[in-house]
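Please read the structure below before turning to the comments.
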Amino acid sequence: MKKPLKCLLIVVFSYCLSGCNKDDETIDTATPIQTDISISTSQNFIYWIDSVDLMQKLDNALSYNYGVANESEIDITRNFNTDTTQVIASIDFKTAFQNTYNDSNPSNNSVTIQLEKNSGVQLKADGPGGTYSLITSVLAPGYNPIEAPDCSHNAFGEHIDEIFDNELNTNVFRFFIHTSPDDDRCINFDRQRNEIKSYDQSPDNLLGTEYETLVYNWKFKLNAGFQSSANFTHLHQLKSVGGDLSSHPMYTLTTRKSNPDRLELRYGETDSSVILKQTDLAPFVATWLEVTETITYGTNGTYDIEIKKVNDGSTLFTYSNTSINNWRPNATFVRPKWGIYRSLINVADLRDEEVLFADFKITEIQQ
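Residue numbering for the sequence shown follows the working numbering, starting at 261 and increasing by one per position.
Here it is, written out as structure tokens:
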């Protein structure tokens with residue numbers, strides 16, 4: 261009786277082994293799921309300003325189709341060439357799922373996009389001498405983009421020169437203004453102006469037109485003890501040209517005597533302006549500052565400004581508005597201005613000043 265039982269156990273054991281092997285074979289030879297994953301692009305050529313801008317534009321341009329797979333089972337890669345003039349974006353299954361799925365059309369698994377960095381138009385100081393010629397060659401070749409008080413103060417000479425700055429370790433522009441006898445171009449005598457600008461004689465890419473987005477970059481430094489007018493001391497303006505409001509700035513970065521002195525960002529939709537944001541001026545004095553201002557021109561425009569300290573990258577001032585009227589009736593374009601433009605009504609509040617500027621850049625963003 262013992263031998264038949266032993267034989268029966270062997271048969272059962274063999275059957276179990278056979279069944280297990282069959283299950284293993286079924287797992288190993290499972291047919292992959294047929295599907296089509298793909299990548300496509302709406303742009304074959306992208307202008308970019310910086311890495312953030314480039315990644316955002318790639319995100320907007322690229323579209324993905326995962327077929328029946330889950331997004332978590334997919335790998336997306338972007339391979340840039342060494343000079344960032346081309347990117348190849350690809351889609352594939354993650355390694356763990358490459359036996360689960362079979363791509364029925366691998367020919368649409370990558371796209372190539374050509375890239376070009378938009379360096380903008382730059383005005384950089386290059387050392388003492390020929391400062392007016394340098395400014396003119398960039399902002400309005402063959403014309404005059406400088407509004408300086410030279411005519412009322414001939415004995416001083418040119419009111420913008422270039423010096424080497426040890427903190428930035430480069431050459432910078434120095435804007436002079438004197439409480440006397442400087443005025444506003446021998447035209448207005450209750451104020452004084454020393455500014456540079458783009459205007460109707462400037463290249464088109466230095467002018468803001470409707471529906472266009474521009475980025476303005478620059479650095480500046482106010483010396484220790486900087487004294488502001490209680491009326492206005494403008495350091496930067498964006499002004500419309502054409503229409504009834506052309507004499508009124510759209511945006512102004514200004515300092516004002518107060519208790520304490522203030523830095524103000526002002527906005528004028530009509531012939532009067534309002535303060536969008538203000539802050540204590542003290543942290544902005546005796547240190548180099550870097551400004552990035554981005555504006556989309558139009559009646560439903562956008563505006564963004566950020567001011568950082570150069571020495572540590574800390575942010576001192578920001579303002580952003582995603583729906584603001586940045587176009588004036590019958591305007592033809594908008595132009596930027598930089599320098600110092602201040603009231604002389606309370607001249608006792610003021611002193612002779614030297615305001616430093618560096619690394620101006622105007623960039624049109626390709627839409």
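Ideal placement from N, C-alpha and C gives every residue a C-beta, glycine not left out.
Within 7 Å, strictly: CB atoms of residue i and residue j
i           : j           : result
residue 465 : residue 408 : no
residue 575 : residue 564 : no
residue 517 : residue 421 : no
residue 494 : residue 469 : no
residue 572 : residue 541 : no
residue 385 : residue 433 : yes
residue 331 : residue 357 : no
residue 603 : residue 451 : yes
residue 623 : residue 378 : yes
Residue i versus the options, residue with shortest Cα-Cα distance
i           : options            : result
residue 551 : 444, 534, 475, 402 : 475
residue 395 : 424, 456, 369      : 456
residue 599 : 621, 614, 585, 509 : 614
residue 344 : 324, 542, 309      : 309
residue 430 : 619, 624, 625      : 619
residue 350 : 333, 467, 298      : 298
residue 504 : 530, 481, 319      : 530
residue 376 : 305, 321, 336, 391 : 305
residue 536 : 542, 527, 543      : 527
residue 416 : 371, 406, 442      : 442
residue 448 : 601, 290, 625      : 601
Residues sharing a beta bridge with residue i, DSSP
i           : result
residue 625 : 473
residue 312 : Paired residues: none, contrary to the question.
residue 344 : Residue 344 pairs with nothing; no bridge assigned.
residue 596 : 498
residue 410 : DSSP output for residue 410 lists no bridge partner at all.
residue 509 : 499
As assigned by DSSP and simplified to three states, the class of residue i
i           : result
residue 339 : strand
residue 317 : helix
residue 578 : strand
residue 536 : strand
residue 393 : helix
residue 603 : strand
residue 609 : helix
residue 583 : strand
residue 245 : Nothing about residue 245 can be reported from this structure: the residues present for the chain run from 261 to 627 only.
residue 541 : coil
residue 355 : helix
residue 296 : coil
residue 325 : strand
residue 525 : strand
residue 531 : coil
residue 518 : coil
residue 488 : coil
7 Å Cβ shell around residue i - same chain, five flanking residues per side excluded
i           : result
residue 500 : 506, 510, 588, 591, 594
residue 361 : 292, 293, 295, 329, 353
Cutoff 6 Å; reference residue i; Cβ partners in own chain excluding five residues on either side
i           : result
residue 556 : 473, 562
residue 606 : 490
residue 423 : 434
residue 621 : 380, 382, 477
residue 481 : 548, 616
residue 543 : 576
Other residues of its chain near residue i: CB distance less than 8 Å, five sequence neighbours each side excluded
i           : result
residue 612 : 436, 437, 438, 439
residue 282 : Unreliable placement is indicated for residue 282, whose pLDDT of 42 sits below 50; no coordinate value is reported for it.
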